[in-house]
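In the numbering used here, the protein residues as written are 166 to 457.
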């Protein structure tokens with residue numbers, strides 16, 4: 166990746182977004198804007214936390230992982246590519262966060278209130294809303310909430326409904342690539358500039374990009390090798406099948422021609438031993454065919 170391409174990265178890039186959210190003032194304000202509730206302060210227990218509970222479990226790398234004054238956990242993820250299984254991914258993230266919060270044998274009451282938030286530059290549910298908030302509730306009594314304190318929020322920066330404030334719309338427009346206009350959006354833009362000027366983070370991004378490219382190329386090579394192996398195996402199988410079919414066809418045709426020739430020679434008055442000598446086959450074979 167060249168320098169010009171890096172300079173063109175926006176806040177919608179998950180790496181840039183995660184670095185911008187390292188600013189506690191901006192991160193706290195962002196959560197307050199999208200959740201519409203006041204937060205006393207936030208802290209970073211483990212920034213860009215990777216949850217990897219077991220060797221064979223699928224690990225989760227959280228872009229933004231913070232807690233507030235009452236120990237509510239917030240996980241914020243930037244999502245620019247449409248994904249069919251995004252709701253189930255949010256479920257997996259919530260489960261992994263919970264498993265990470267309590268040790269084996271500890272009481273469930275230690276589980277904290279948690280938010281899993283996806284900031285999408287597309288509408289994940291095609292309803293035109295800017296925000297979709299999900300909690301577990303009773304289907305028979307919609308006023309009865311389960312009370313497990315897990316909340317999933319999907320932000321659609323391209324919403325069309327009039328369901329958020331003008332300032333929030335300005336923030337979302339900035340995520341969509343427009344010029345920063347509102348006060349908070351301008352602060353975000355200044356932080357994006359600062360992040361991209363950080364040489365250490367620039368190197369970190371280049372390294373991550375290189376690793377991803379190496380993984381891609383490694384996967385591509387492995388795929389090509391497997392494809393070649395499968396192709397060879399399929400080719401051999403097809404070749405054997407075709408060879409058998411052709412061999413049977415050729416054998417039948419040769420048998421028919423041989424039988425015709427034996428009948429012709431016999432009709433001309435040739436003895437069995439003469440026919441066998443002319444056709445270079447055994448006398449018994451000639452007798453068998455004439456008998457049949």
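Ideal placement from N, C-alpha and C gives every residue a C-beta, glycine not left out.
Where do the N-terminal and C-terminal ends of the beta strand (DSSP E) with residue i fall, by residue?
i	result
residue 354	That residue, residue 354, is in no beta strand (DSSP E); its alpha helix (DSSP H) goes 348 to 362.
residue 285	279 to 285
residue 229	229 to 233
What is the DSSP secondary structure of residue i, reduced to helix, strand or coil?
i	result
residue 246	coil
residue 205	coil
residue 342	coil
residue 181	helix
residue 271	coil
residue 449	helix
residue 437	helix
residue 240	strand
residue 393	helix
residue 387	helix
residue 424	helix
residue 292	coil
residue 174	coil
residue 186	coil
residue 374	helix
residue 444	helix
residue 276	coil
residue 219	Residue placement at residue 219 is flagged as unreliable, the pLDDT there being 46, under the threshold of 50; the coordinate-derived value follows with that caveat. In this structure, residue 219 counts as coil in the three-state DSSP scheme.
residue 456	helix
residue 380	helix
As a quick exercise: from the options, pick the residue whose alpha carbon is nearest that of residue i.
i	options	result
residue 207	345, 201, 447, 232	232
residue 244	436, 274, 340, 402	340
residue 275	265, 281, 283	265
residue 295	280, 307, 306, 330	330
residue 321	429, 251, 210, 256	251
residue 179	350, 374, 333	374
residue 301	247, 318, 173, 292	318
residue 420	406, 450, 346, 362	450
residue 240	259, 249, 234	259
residue 175	418, 338, 303	338
residue 201	288, 298, 262	298
What first and last residue would you give for the alpha helix (DSSP H) that runs through residue i?
i	result
residue 263	251 to 266
residue 195	189 to 200
- Taking the runs of the alpha helix (DSSP H) that are 4 residues or longer, which of them lie wholly in the stretch 294 to 341? Qualifying alpha helix (DSSP H) stretches, in chain order: 331 to 340.
- Does the count of Cβ pairs from the stretch 187 to 195 and the stretch 385 to 394 closer than 8 Å reach three? With a cut-off of 8 Å, the stretch 385 to 394 and the stretch 187 to 195 do not count as touching, because too few Cβ pairs lie within range.
- Query: Can at least three beta-carbon pairs, one atom from the stretch 316 to 331 and one from the stretch 367 to 376, be found at a separation below 8 Å?
  - Reply: no
- Decide if the stretch 279 to 294 is in contact with the stretch 254 to 262; the criterion is three or more beta carbon pairs, one per stretch, under 8 Å apart. yes
- Item | At least three beta-carbon pairs within less than 8 Å, the stretch 170 to 189 to the stretch 335 to 353 | yes
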